[in-house]
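A.B. asks:
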Amino acid sequence: MSIKSETTDGTKERPLNFIEQKIEADIASGKHGGRVHTRFPPEPNGHLHIGHAKAICVSFGLAHKYGGVTNLRFDDTNPEKESTEYVDAIRRDVSWLGFTWEGGEFYTSDYFDQLYGFACQLIQSGKAYVDDQSSEEMAAQKGAPGRPGKNSPHRSRSPEENLELFKKMKAGEFQEGTRVLRAKIDMAHDNMLMRDPLIYRIKYASHHRTGDDWVIYPMYDFAHGQSDSIEKITHSLCSLEFENHRPLYDWFIEALNIYPTEQTEFARLNLSYTLMSKRKLLKLVEEGVVDGWDDPRMPTISGLRRRGYTPQSIRTFADRIGVAKRNNEIDVSLLEWALRDDLNRIAPRVMGVLNPIKLVVLNYPEGQKEQLVTQNNPEDPSAGSRELPFGRELWMEADDFKVDVNKKWFRLAPGRVVRLKSAYIVEYVNHIEDDSGKVTEVHVNYVKNSKSGQDVSGIKAKGTLHWVSCADAVDAEVRLYDRLFSESAPEAKGDFMDCLNPGSLEIKTGCKLEPSLSAAKIGTVYQFTRLGYFTVDPKYSEPSGLVFNRAVTLKDGWKG
RNA sequence: UCCCCGAUGGUGUAAUGGUAACACACCGGUUUUUGGUGCCGUUAUUCCAGGUUCGAGUCCUGGUCGGGGAACCA
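Structure representation (structure tokens):
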């Protein structure tokens, strides 16, 4: 595995989480011959999101840490919901995150024959039976928490009869919904899942891989643990919601006498202002609230990628949130922090003006132009430098000029002096307002001997502004994103559709970027000096009409 | 009503019977040609009640609160 799981301070030791402690104890005791083999088992019925990213980092990361490998297994036991489109997307997302499944790529459907055999084995040992009742009848017999259920009238069929019926189920001799195979456990068990759970059902549906070969399909509980066992997974890691399934998982392993994989559960990720349910995310897509699974506001891996998130930032995030059994709600600002932490080190700095107004340097000769040199990344000298054209007419940020200001204002204002980044110090002369009082143009004089790197003017400018030369500027559209929901926990109260943030997307046109950005590449994330991190939108951007997405702002320490 | 899991600063995560720590956030200072970054510092934590112990966040008992648990879903 060629990923770096270290964080910025990668050399620091992090205390072991409870799963690592367990793995180390297992290795020490020689369990599984000291092997560590994990798996990531998504159902290909939707796109992966940041919650899955945590699970991926845990399962792949742990195997990697302990010298083991990981399998990617598509859990495809419900043909009605699954498709190869999702398989491809999941594969792409996992590898984009930086992980390779050198344990192999598998499908639960690979094991349909074996699973069928397991079912027959259970029947023969009297541990499973065919039930002819309707789902309503079975539900009524199930009892309730605290109240035992009743045995099915078909519970005592002989193994021979059960086997015969099960074979007929497989042969397509029964209608969908008329018969199921159930494990024979205990209808009075405290754990509802142990009350003779369904393990096979009839479904006349085409499967994305096995086509019409099968008309019976195993249930999750009868497929998942056995698949782990078949692959000799040592540590089967999953989320807390499956804790109640573990006794059943173990029951099947024991009843079938197969490889003893052990399941360990940990808390899934919850992120503030974010939805983590595939079903609800799908609704956002279907209702056109967003422009697809990869909308930059979506918490999907593809959305984060399009937004400008880096694989490293997501891995760092996963590392920082830790692994435990406690329910949590992580503040999205930690995810943003992880992105800034990565991008600050690697993002090329460029200049772009989002809300341009004219800045005219009165004492700079008309028609004159010069190339200034500026660093690509002050955090990384090896990133080199580039040239920046400067002239008499520039674009500046509207927010960087204000008429009435107080002492804390560092930017341009009447009577003030500022430095233009990598260029000259300029002094306010006057400004022009339109009829509504909006400032449309600011006029300054530049200080000739204050050129960046050769400044002998002795003038100290408190503020530094970004700017772009009018004659050389590249026009672009820039999309600013904010959280999709205005509620910290959109799923908590009422309908999540009612707390959509109407300002989650702001489209700015007529933005002015420095000329080097006309060659901006998809996949590179740039820091627009003083503004934030931006990347080319792969869906809407064209050579003739650049479109940038803002991944995240810079931290704003100004408390004006 | 029954079963399972959990509870440590604002948010997460450690401390495995022996000084409650780390990160993020916040606040303040400092550096800075990005009000970014870096550096320094401040504030703030063991759900409750009993018990065991020289000593309890940790062990025991009881409670409270939160999450999960009935699908021909995974």
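In the numbering used here, the protein residues as written are 4 to 563. Beta carbons are placed, not taken as given, at the ideal position from N, Cα and C, and that holds for glycine. These numbers were taken from a predicted model, which means no experiment stands behind them.
I need the straight-line Cα distance from A56 to I93, nearest angstrom please.
C.D. replies: 11 Å
A.B. asks: To the nearest angstrom, how far is it from the Cα of C473 to the Cα of V364?
C.D. replies: 12 Å
A.B. asks: Please classify Q457 as buried or exposed, where buried requires at least 16 neighbouring CB atoms within 10 angstroms.
C.D. replies: Per the 10 Å Cβ criterion, exposed.
A.B. asks: Report the CB separation of F43 from A58 in whole angstroms; it is logged as a contact under 8 Å.
C.D. replies: Separation of the CB atoms of F43 and A58 is rounded to 7 Å, and the pair is thereby assigned contact status at 8 Å.
A.B. asks: Indicate whether Y431 and S453 have their beta-carbon atoms separated by less than 7 Å.
C.D. replies: At a Cβ-Cβ threshold of 7 Å, Y431 and S453 do not count as neighbours.
A.B. asks: Give the secondary structure of H210 by DSSP, where H, G and I count as helix, E and B as strand, and everything else as coil.
C.D. replies: strand
A.B. asks: Could you work out which residue in G149, R323 and F413 is closest to G560 when comparing CA atoms only?
C.D. replies: F413
A.B. asks: Under 7 Å Cβ to Cβ from I510, same chain only, skipping five residues before and after it: list those, please.
C.D. replies: E480 and R482
A.B. asks: Run the CB neighbour count on R150, radius 10 Å, all protein chains shown included, and call it buried at 16 or more, exposed below.
C.D. replies: So R150 ends up on the exposed side.
A.B. asks: Alpha carbon to alpha carbon, how far is P546 from H238? Give it in angstroms, no decimals.
C.D. replies: 49 Å
A.B. asks: Check each candidate in W99, K558, P45 and Q24 and name the one with the smallest Cα separation from K281.
C.D. replies: P45
A.B. asks: How would you write the range of the beta strand (DSSP E) that F245 sits in, first residue to last?
C.D. replies: Element bounds for F245: n/a, residue is neither H nor E.
A.B. asks: Residue ranges of each alpha helix (DSSP H) run of no fewer than 4 residues wholly in the stretch 236–296, ordered along the chain?
C.D. replies: 249–259 and 281–289
A.B. asks: Could I get the ranges of all uninterrupted beta strand (DSSP E) runs contained in the stretch 315–396, with 3 residues as the minimum, in chain order?
C.D. replies: Correct list: 359–364, 372–378 and 388–394.
A.B. asks: How many angstroms separate the CA atom of R212 from the CA atom of I219?
C.D. replies: Straight-line Cα distance between these residues: approximately 14 Å.
A.B. asks: Taking the C-alpha atoms as reference points, what is the distance between K170 and R160?
C.D. replies: 15 Å
A.B. asks: If you draw a straight line from the alpha carbon of G146 to that of Q127, how long is it in whole angstroms?
C.D. replies: 27 Å
A.B. asks: Any idea which residues DSSP pairs C514 with across the strands?
C.D. replies: A479
A.B. asks: What number of angstroms, rounded off, separates the C-alpha of C60 from the C-alpha of G71?
C.D. replies: 14 Å
A.B. asks: Near D12, which residues of its chain fall below 7 Å by C-beta distance, leaving aside the five closest residues on each side in sequence?
C.D. replies: Bear in mind that the predicted position of D12 carries a pLDDT of just 33, short of 50, making it unreliable; the figure below should be weighed with that in mind. Same-chain partners within the cutoff: there are none.
A.B. asks: Is it right to say N74 is buried, meaning 16 or more other beta carbons lie within 10 angstroms of its own, or is it exposed?
C.D. replies: Counting Cβ neighbours within 10 Å, N74 comes out buried, since at least 16 surround it.
A.B. asks: My guess is that L168 and C123 are in contact by the Cβ rule of under 8 Å, so how many angstroms apart are they, rounded?
C.D. replies: Incorrect: roughly 12 Å between the Cβ atoms, too far for contact.
A.B. asks: Pull up the DSSP beta-bridge partners for E139, would you.
C.D. replies: DSSP lists no partner for E139.
A.B. asks: Measure the C-alpha to C-alpha separation of Q24 and I30 and round it to an integer number of angstroms.
C.D. replies: In a straight line, the C-alpha of Q24 is about 10 Å away from that of I30.
A.B. asks: With a threshold of 16 other CB atoms inside 10 Å of the CB of T532, please say whether the residue is buried or exposed.
C.D. replies: Under the 10 Å beta carbon count, T532 is surrounded by 16 or more other beta carbons and is classified as buried.
A.B. asks: When the Cβ atoms of the stretch 248–266 are set against those of the stretch 221–233, are three or more pairs found closer than 8 Å?
C.D. replies: Touching, yes.
A.B. asks: The beta strand (DSSP E) that contains S472, what's its start and end?
C.D. replies: DSSP places S472 inside the beta strand (DSSP E), whose first and last residues are W470 to S472.
A.B. asks: Among L51, L557, V376 and D96, which has the Cα closest to the Cα of E347?
C.D. replies: Note that residue 347 corresponds to Asn in the displayed sequence, not to Glu. Per the Cα distances, L557.
A.B. asks: With 16 as the cutoff for other CB atoms within 10 Å, does K515 come out buried or exposed?
C.D. replies: Buried, by the Cβ-count rule.
A.B. asks: For S209, I'd like the list of residues in its chain whose CB is within less than 7 Å of its CB, leaving aside the five on either flank, ordered along the chain.
C.D. replies: P82 and D215
A.B. asks: Can you give me the C-alpha to C-alpha distance between K361 and N380, rounded to a whole angstrom?
C.D. replies: When the Cα atoms are used, K361 and N380 turn out to be separated by approximately 27 Å.
A.B. asks: Run the CB neighbour count on E517, radius 10 Å, all protein chains shown included, and call it buried at 16 or more, exposed below.
C.D. replies: buried
A.B. asks: Give the DSSP-derived three-state secondary structure of E27 in the structure shown.
C.D. replies: Looking at E27 - three-state DSSP - the assignment turns out to be helix.
A.B. asks: What number of angstroms, rounded off, separates the C-alpha of I6 from the C-alpha of S86?
C.D. replies: Confidence is the limiting factor: at I6 the pLDDT is only 27, short of 50, which leaves the residue's position unreliable, though a coordinate-based value still follows. If you take the alpha carbons of I6 and S86, they lie about 29 Å apart.
A.B. asks: In chain order, what residues of the same chain lie with their CB nearer than 6 Å to the CB of H35, ignoring the 5 residues before and after it?
C.D. replies: T237
A.B. asks: Quick check on this structure: which residue in G440, H469, V471 and R422 has the alpha carbon closest to the alpha carbon of Y449?
C.D. replies: R422
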